[in-house]
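> There's a structure below that I have some questions on.
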Amino acid sequence: MTDTAVTEAPLTVSARAARRIGEILKTEGNGAMLRVSVEGGGCSGFQYKFDVERAKAEDDILIERDSAVVLVDPSSAPFLAGSELDFVDDLIGASFRVVNPNATASCGCGTSFSI
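Quick note on our numbering: the sequence shown kicks off at 59 and runs consecutively.
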């Protein structure tokens, strides 16, 4: 990965998230990547979506850390700018969590937000 790709990446991936993504992608076979996107909806206006994909669109932003490969589409990138993708395992359960400095409000479970 070049320095340019790092500075243009809309989100960073924590070490915990990279480890968990790597575990998931390993079970999906060669060429699997995690897509993080933002869609309209959810109780706060926008929601995060996570999908395993095998194809990278020409304009996708590719983020790599260790064995984790994450894709972000250009439409979602502005909503994720400056965010960190983390993985938490607590009493409520295990899940990916986006720490988004642009969100002005979010729902209790952290899957939807508003700007």
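Glycine included, every Cβ here is placed at the ideal spot set by N, Cα and C.
Cutting at 8 angstroms between CB atoms, please list the residues of its own chain near D144, excluding the five before and the five after it.
Taken in chain order, the residues that qualify are S72, R74, A75, F154, R155, V156, V157.
> Look at E111 and R93 and say whether their C-beta atoms are less than 7 angstroms apart.
Going by C-beta atoms, E111 is nearer than 7 angstroms to R93.
> Give the range of the alpha helix (DSSP H) segment to which I82 is assigned.
Looking at the DSSP string, the run of the alpha helix (DSSP H) that includes I82 is 73 to 86.
> Identify, in the order they occur along the chain, each residue of the same chain with its Cβ nearer than 6 angstroms to the Cβ of G99, setting aside the five sequence neighbours on each side.
Closer than 6 angstroms at the Cβ level, and outside the excluded window around G99, lie Q105.
> Exposed or buried, I150, counting other C-beta atoms within 10 Å across all chains shown (16 or more means buried)?
I150 is exposed by the Cβ-count criterion.
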